[in-house]
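This report concerns only the one structure given below.
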Amino acid sequence: MPVVVSLVAVVGAICLLDLVLTVGVIRRLREHSTLITEMGGGQPPAPMLETGETAGAFEALSTTGEIVSRAGLSGNTLVAVFSPDCSACKAQLPAFVRLARSFTGGRDQVVAVVAEMGGDAEPYRLELEPVARVVIEREGTGINQALQVRAFPAFGILGEGGEVKVSGLDPDKVVMPVTA
Numbered sequence: 001m002p003v004v005v006s007l008v009a010v011v012g013a014i015c016l017l018d019l020v021l022t023v024g025v026i027r028r029l030r031e032h033s034t035l036i037t038e039m040g041g042g043q044p045p046a047p048m049l050e051t052g053e054t055a056g057a058f059e060a061l062s063t064t065g066e067i068v069s070r071a072g073l074s075g076n077t078l079v080a081v082f083s084p085d086c087s088a089c090k091a092q093l094p095a096f097v098r099l100a101r102s103f104t105g106g107r108d109q110v111v112a113v114v115a116e117m118g119g120d121a122e123p124y125r126l127e128l129e130p131v132a133r134v135v136i137e138r139e140g141t142g143i144n145q146a147l148q149v150r151a152f153p154a155f156g157i158l159g160e161g162g163e164v165k166v167s168g169l170d171p172d173k174v175v176m177p178v179t180a
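Each residue of the sequence shown is one higher than the one before, counting from 1 in the numbering used here.
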């Protein structure tokens with residue numbers, strides 16, 4: 001009987017120690033969450049250049065043989081950057097296609113970039129070509145690099161000269177700001 005009492009006491013002490021350590025870890029995680037929120041302002045990083053910034057120079061050949069370049073932009077141009085291996089890209093593709101269909105200027109004012117990262121870009125090309133000039137390029141090069149893409153999918157509207165009018169992760173929220 002004394003052995004059982006001793007074992008129960010040891011197990012109880014271990015459980016108490018585990019409880020104290022767990023409470024300490026939870027407290028520390030809350031402190032880190034607060035620090036991370038304060039450092040980042042609570043906002044996720046922009047997926048590409050932000051409003052007011054200017055895209056670097058670029059020139060690319062679309063899948064249909066058209067030249068797409070920053071110098072060739074006229075008016076407002078809707079841009080999107082997708083990755084074939086990105087589940088969020090697949091989810092946002094239909095919303096982007098709807099937006100592109102209704103975008104002022106039609107297909108000539110829409111550029112869709114598919115960043116080759118080992119996945120199959122063909123389904124994106126087939127879906128996007130009717131509504132956009134499609135460029136397939138390696139991640140981190142060309143238009144990806146000019147727009148400083150940091151997350152997929154990335155959406156934006158570029159003005160003449162490549163100035164970013166608006167950018168974001170959701171095509172439904174990428175709309176031209178209303179000026180007073």
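Note that beta-carbon positions come from the ideal geometry of N, C-alpha and C, so glycine has one too.
Just so we're clear, the structure is a prediction, and the values are computed from it rather than from any experiment.
The beta-bridge partner set that DSSP reports for residue 157 consists of 78, 166. In this structure, the beta-carbon distance from residue 59 to residue 164 does not fall below 7 Å. If you look at residue 126, you'll find it in the alpha helix (DSSP H) that goes 122-128. Proximity of the segment 74-83 to the segment 102-111 meets the contact definition, three or more beta-carbon pairs being nearer than 8 Å. Bounds of the alpha helix (DSSP H) holding residue 97 are 87-102.
If you draw a straight line from the Cα of residue 2 to the Cα of residue 10, it comes to about 12 Å. In terms of CA proximity to residue 137, 83 leads the group 83, 24, 101. Just so you know, the alpha carbons of residue 64 and residue 128 end up roughly 12 Å apart.
In the structure shown, residue 116 falls within a strand segment according to DSSP collapsed to helix, strand and coil.
In the structure shown, residue 66 falls within a coil segment according to DSSP collapsed to helix, strand and coil. Under the DSSP assignment, residue 55 falls outside any alpha helix (DSSP H); it carries neither an H nor an E label.
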